[in-house]
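Student:
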Amino acid sequence: ERDGYEHYMLKEINEQPKALDRTIRGRIQDDGSVSLSSFPLGAFADVSDVQFVACGTSHHAALYAREHLVEQGVPAYAFRAGEYATTPAPIGENTLVVAVTQSGETADTLQSVRHAREAGARTLAVTNVVGSTAARECDDALFIRAGPEIGVAATKTFSSQVAALSLLGERIVEDVTGSPSEGHAERAAAFRRLPTDVQRVLEESPVDRLADEYRGCDAYFFIGRGVGHPVALEGALKFKEITYEHAEGFGSAQLKHGPLALVTEDTPVVAVFDGRHQGKALANVEEVRARGAPVIAIGGEGSREVRELADEFLPVPDTHPDATGVLANVQLQLVSYHVADLLGRAIDKPRNLAKSVTVE
Ligand code: M6R
Numbered sequence: 246e247r248d249g250y251e252h253y254m255l256k257e258i259n260e261q262p263k264a265l266d267r268t269i270r271g272r273i274q275d276d277g278s279v280s281l282s283s284f285p286l287g288a289f290a291d292v293s294d295v296q297f298v299a300c301g302t303s304h305h306a307a308l309y310a311r312e313h314l315v316e317q318g319v320p321a322y323a324f325r326a327g328e329y330a331t332t333p334a335p336i337g338e339n340t341l342v343v344a345v346t347q348s349g350e351t352a353d354t355l356q357s358v359r360h361a362r363e364a365g366a367r368t369l370a371v372t373n374v375v376g377s378t379a380a381r382e383c384d385d386a387l388f389i390r391a392g393p394e395i396g397v398a399a400t401k402t403f404s405s406q407v408a409a410l411s412l413l414g415e416r417i418v419e420d421v422t423g424s425p426s427e428g429h430a431e432r433a434a435a436f437r438r439l440p441t442d443v444q445r446v447l448e449e450s451p452v453d454r455l456a457d458e459y460r461g462c463d464a465y466f467f468i469g470r471g472v473g474h475p476v477a478l479e480g481a482l483k484f485k486e487i488t489y490e491h492a493e494g495f496g497s498a499q500l501k502h503g504p505l506a507l508v509t510e511d512t513p514v515v516a517v518f519d520g521r522h523q524g525k526a527l528a529n530v531e532e533v534r535a536r537g538a539p540v541i542a543i544g545g546e547g548s549r550e551v552r553e554l555a556d557e558f559l560p561v562p563d564t565h566p567d568a569t570g571v572l573a574n575v576q577l578q579l580v581s582y583h584v585a586d587l588l589g590r591a592i593d594k595p596r597n598l599a600k601s602v603t604v605e
């Protein structure tokens, strides 16, 4: 069942090229245009703003998707469903509420959807499970087609969520602004290349050899800008979830406002570079290096400055920034997996956690 892999998590990490291929198959045309059968051109023409509601890894995928919408001028917000369920955001006449949930059964997310429906919002589920409660209760559904995920730690479903949300986002941008997003063809091409690019990361990642070096530190910090920010949050979540080591993720811009006080030689900092905001991102790494922290950087293989600044460099194929984040996240999945494996953790069933959280 695990196809010879020691854990479902490793199997599912390795399934990502296939999962991504299924997610995007038939949904991107040769000219880069998006084709989503349930959402033809104009399907979102009257949308005024987008509110994502989601938990955990799915929330990080929502934050990732939000970047593109906002950058292209569509008002978009990504809420943690647990908080939205108690303090919902105001819903306008044309607000679209998008529930991002792998299982489609997360209680907080369902509660948020129910609130949104009552307030009159149009609701859309982005989920992996056909026939799930979210798919049934929302007005529409977009399936990410990642295939079943058994490991408690979400891996392939994050990648597929990001890819599916990027297509949905492109359709929304086109409908709301009246034209495709700037550089949409290059972006679409990068998403089409993702299965191949992820395969390369999986084959060439040096992570299994590195994991031992940074074992037993005080804490682990993950930072990033742009889509590197949600990826940093996701890297830290996965790390704490399966290694039980203390890990925190935050936007690089937050460093000076508190977290920097914790940075020492004994707190490795993992920095995610998405290829944008390079100057500022490099400056943040200088700040943590000046406090003696070992820096593990992840970025496009061609970025010489990043490579030179870091103690360890985990390269990913050079591509569009919106695809770089997915590739960087694959390296982070491998970091968490290999460290947890060295520590002998119950990788597929971490303590105190369930695959699907069906209570509020
Ligand atoms: O099924 P969902 O996507 O709604 O689940 C949301 C979270 O519970 C889930 O992503 C959780 O954070 C994972 N265990 C993370 O690996």
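Residue numbers for the sequence shown, in full-length UniProt numbering: 246 to 605.
Virtual Cβ for every residue (Gly too), placed ideally from N, Cα, C.
Computed from a predicted structure; not experimentally measured.
Taking 9 angstroms as the threshold (C-beta atoms), are Asn259 and Ser293 in contact?
Tutor: The count along the sequence shown starts at 1 and reaches residue 293 at position 48. The count along the sequence shown starts at 1 and reaches residue 259 at position 14. No, the Cβ-Cβ distance between Ser293 and Asn259 is not below 9 angstroms.
Student: Quick one: is the Cβ of Glu486 within less than 8 angstroms of any heavy atom of the ligand M6R?
Tutor: Here residue 486 corresponds to residue number 241 of the sequence shown, with the count starting at 1. The answer is yes for Glu486.
Student: Helix, strand or coil, according to DSSP, for Tyr489 in the structure here?
Tutor: Residue mapping note: residue 489 aligns to position 244 of the sequence shown, counting from 1. Coil at Tyr489, not helix or strand.
Student: In three-state terms, what does DSSP make of Gly327?
Tutor: Residue mapping note: residue 327 aligns to position 82 of the sequence shown, counting from 1. Three-state DSSP puts Gly327 in a helix.
Student: Taking Cβ to Cβ, would you say Leu412 is nearer than 9 angstroms to Arg272?
Tutor: In the sequence shown, counting from the first residue as 1, residue 412 sits at position 167. In the sequence shown, counting from the first residue as 1, residue 272 sits at position 27. Their beta carbons are under 9 angstroms apart, which means Leu412 touches Arg272 by this criterion.
Student: When we look at the beta-carbon of Gly494 and count the other beta-carbons within 10 Å, is it buried (16 or more) or exposed?
Tutor: Here residue 494 is taken as the residue at index 249 of the sequence shown, counted from 1. The residue is buried, with at least 16 neighbouring Cβ atoms inside 10 Å.
Student: When you measure from the CB of Ala299 to every non-hydrogen atom of the ligand M6R, does any distance come out below 8 angstroms?
Tutor: Within the sequence shown, numbered from 1, the residue matching residue 299 stands at position 54. Yes - the ligand M6R has a heavy atom lying nearer than 8 angstroms to the Cβ of Ala299.
Student: What do you reckon, is the C-beta of Ser601 under 8 angstroms from a heavy atom of the ligand M6R?
Tutor: Indexing the sequence shown from 1 puts residue 601 at position 356. Yes, the ligand M6R has a heavy atom inside 8 angstroms of this Cβ.
Student: Ordered along the chain, which non-local residues of its own chain (more than five positions away) have a Cβ less than 8 angstroms from that of Ala408?
Tutor: Position 163 of the sequence shown, counting from 1, holds the residue named residue 408. Within the same chain, Ala408 has close Cβ partners Leu265, Thr268, Ile269, Ile389, Phe436, Leu439 and Val571.
Student: Determine the contact status of Ala366 and Leu341, defining contact as a CB-CB distance below 9 angstroms.
Tutor: Looking up residue 366 in the sequence shown gives position 121. Looking up residue 341 in the sequence shown gives position 96. In contact: Ala366 and Leu341 (Cβ atoms closer than 9 angstroms).
Student: Answer yes or no: the CB of Ala399 versus the heavy atoms of the ligand M6R, is any distance below 8 angstroms?
Tutor: Working through the sequence shown from its first residue, we reach residue 399 at position 154. Yes, the beta carbon of Ala399 sits closer than 8 angstroms to at least one heavy atom of the ligand M6R.
Student: Straight-line CA distance for Lys256 to Glu479?
Tutor: Counted from its first residue, the sequence shown places residue 256 at position 11. Counted from its first residue, the sequence shown places residue 479 at position 234. Taking the straight line from one Cα to the other gives about 19 angstroms.
Student: Would you check if there are 3 or more beta carbon pairs closer than 8 angstroms linking the stretch 542-557 to the stretch 512-523?
Tutor: Judged by Cβ distances under 8 angstroms, the stretch 542-557 makes contact with the stretch 512-523, as three or more pairs qualify.
Student: If you drop the 5 nearest sequence neighbours on each side, which residues of the same chain put their C-beta closer than 7 angstroms to that of Thr302?
Tutor: Mapped onto the sequence shown, residue 302 falls at position 57. The residues are Ala399, Phe403, Glu479 and Leu482.
Student: Grab me the residues of Val443's own chain with a C-beta within less than 8 angstroms of its C-beta, minus the 5 sequence neighbours each way, in chain order.
Tutor: Within the sequence shown, residue 443 is the residue found at index 198, counting from 1. For Val443, where only same-chain residues beyond five positions count, the Cβ hits under 8 angstroms are Gln261, Pro262, Leu265, Ser404, Val571, Leu572 and Val575.
Student: Any contact of the stretch 583-590 with the stretch 454-462, i.e. 3+ C-beta pairs under 8 angstroms?
Tutor: Touching, yes.
Student: Does Gln578 pass the burial test, meaning 16 or more other C-beta atoms within 10 Å, or should it be called exposed?
Tutor: Here residue 578 is taken as the residue at index 333 of the sequence shown, counted from 1. Per the 10 Å Cβ criterion, buried.
Student: Quick one: is the Cβ of Val345 within less than 8 angstroms of any heavy atom of the ligand M6R?
Tutor: Along the sequence shown, read from residue 1 onward, the residue named residue 345 stands at position 100. Yes, Cβ of Val345 sits closer than 8 angstroms to a heavy atom of the ligand M6R.
Student: Assuming Ala434 and Glu605 make a contact with CB atoms under 8 angstroms, what is their CB distance in whole Å?
Tutor: As a working note, residue 434 is residue 189 in the sequence shown. As a working note, residue 605 is residue 360 in the sequence shown. Contact doesn't hold; Cβ gap of about 42 angstroms is too wide.
Student: Between Arg470 and Asn529, is the Cβ-Cβ spacing less than 9 angstroms?
Tutor: Here residue 470 refers to the residue found at position 225 of the sequence shown. Here residue 529 refers to the residue found at position 284 of the sequence shown. In contact: Arg470 and Asn529 (Cβ atoms closer than 9 angstroms).
Student: Are the CB atoms of Ala321 and His304 nearer to each other than 9 angstroms?
Tutor: Locating residue 321 in the sequence shown gives position 76, counting from the first residue. Locating residue 304 in the sequence shown gives position 59, counting from the first residue. No. Outside cutoff.
Student: Out of Ile336, His502 and Leu447, state which residue places its alpha-carbon closest to the alpha-carbon of Ala364.
Tutor: On the sequence shown, position 119 is the one that residue 364 refers to. Ranking the options by Cα distance to Ala364, first place goes to Ile336.
Student: Roughly how many whole angstroms lie between the Cα atoms of Ala391 and Ala599?
Tutor: To locate residue 391, count along the sequence shown from 1; it is residue 146. To locate residue 599, count along the sequence shown from 1; it is residue 354. Spanning the two alpha carbons is a distance of roughly 19 angstroms.
Student: Check the Cβ-Cβ distances between Thr402 and every residue of chain B, and say whether any is below 9 angstroms.
Tutor: Going by chain labels, chain B is absent from the structure shown, which holds only one protein chain.
Student: In the structure shown, what three-state DSSP assignment does Gln317 receive?
Tutor: The residue given as residue 317 occupies position 72 in the sequence shown. Three-state result, Gln317: coil.
Student: For Asn373, count neighbouring Cβ atoms within 10 angstroms of its own Cβ and tell me buried if that reaches 16, exposed if not.
Tutor: In the sequence shown, counting from the first residue as 1, residue 373 sits at position 128. With 16 or more other Cβ atoms within 10 Å, it is buried.
Student: Per DSSP, which one or two residues make a beta bridge with Tyr322?
Tutor: Walking along the sequence shown from the start, residue 322 turns up at place 77. Paired residue(s): Gln296.
Student: DSSP three-state call for Thr368: helix, strand or coil?
Tutor: By 1-based counting over the sequence shown, the position of residue 368 is 123. Looking at Thr368 - three-state DSSP - the assignment turns out to be strand.
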